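The block underneath contains the structure these notes are about, expressed in structure tokens.
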Amino acid sequence: MVAAIRKLIEFVRFIGLALRIQFTKIPPRDVLVTQLVDAGWGSLALLTMLTIFAGLNLSVQSYGSFERFGGQDLLGMFAAVGGVRELYPVMAAVVCGARIGANLAASLANMRISEQIEALEVMAVDPVHYLVAPRLWAVTLALPLLCGYADVVGLAASYAGAVWQLGLDPGSFISQVQEQVSLADIGTGLFKGLIMGWLVAVISCFHGYSVAKRDGAEGVGIATNLAIVHGAVMCIVVNLFLSWLIYG
2 MVAAIRKLIE FVRFIGLALR IQFTKIPPRD VLVTQLVDAG WGSLALLTML TIFAGLNLSV
62 QSYGSFERFG GQDLLGMFAA VGGVRELYPV MAAVVCGARI GANLAASLAN MRISEQIEAL
122 EVMAVDPVHY LVAPRLWAVT LALPLLCGYA DVVGLAASYA GAVWQLGLDP GSFISQVQEQ
182 VSLADIGTGL FKGLIMGWLV AVISCFHGYS VAKRDGAEGV GIATNLAIVH GAVMCIVVNL
242 FLSWLIYG
């Protein structure tokens, strides 16, 4: 219990330090670009595959429910609103966040146990500014873009499942999407991606940065596992809180 409280205090201090560095200093451009490409472009293949199956599954499962009371024509509304508001932002944050968070935690933990962070300090380079801030900015910027991409792919997959597999009228599906999905809904999903992206980044960076050198390779594995688990849990909890806050 005492160790958990001590860890929580360290995490809060790390958040304060990260925020101060992130918003008061311009991050190194080369590190930022590298991390942004890895977080965004590197996650596209995984996100595309999973979002296609999620969109198809959303159409198939919702069709079975709506068919019971003759409301099959409402499938487009449900697939669009449920996907854009909730499913696709959470999927992008949890799935891509797990991949990105594992990379962040493992890379920083490796730098810690190989004394690369200490080497930066010896050279009078702030490791938080050079290593943590670019990663925070990269994931914070990449996740909303991934959420927007997931919206497009997921809606296309839901359309394909509803029209080509289930035989629904394509015009009805598209009109429902246009009528029910507003720019506010899309903006809400992107805003969720922004918040959850920053959370994934700061949690992952904390676990990787705080590894002790004496922990060795085992510490890298522990930090990576904690980054994935804590990041995923926080994304789901924060998504629930944001949905309650925005939609009541």
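Residue numbers (the numbering used here): 2 to 249. Virtual Cβ for every residue (Gly too), placed ideally from N, Cα, C. Just so we're clear, the structure is a prediction, and the values are computed from it rather than from any experiment.
Restricting attention to L47, I196, A143, the CA atom closest to the CA of N240 is found in I196.
Straight through space, the alpha carbons of P128 and A120 are spaced by roughly 9 angstroms. Rounded to whole angstroms, the separation of the alpha carbons of S63 and F79 is 8 angstroms. Note that the C-beta distance between A94 and G17 is not below 8 angstroms. When S173, F54, A134 are compared, the shortest CA-CA separation from T35 is found for A134.
Cβ-Cβ separation between A202 and V126: approximately 20 angstroms, too far for a contact (criterion under 8 angstroms). The Cβ-Cβ distance between I247 and T189 falls below 8 angstroms. Counting the other CB atoms within 10 Å of its CB gives G84 a total of 16 or more, which places it among the buried residues. Within the same chain, and ignoring the five residues on either side of Y89 in sequence, the residues whose Cβ sits closer than 7 angstroms to its Cβ are T52, C148, A151, D152, G155, G190.
Separation of L184 and F192 (C-alpha to C-alpha, rounded to the nearest whole angstrom) is 12 angstroms.
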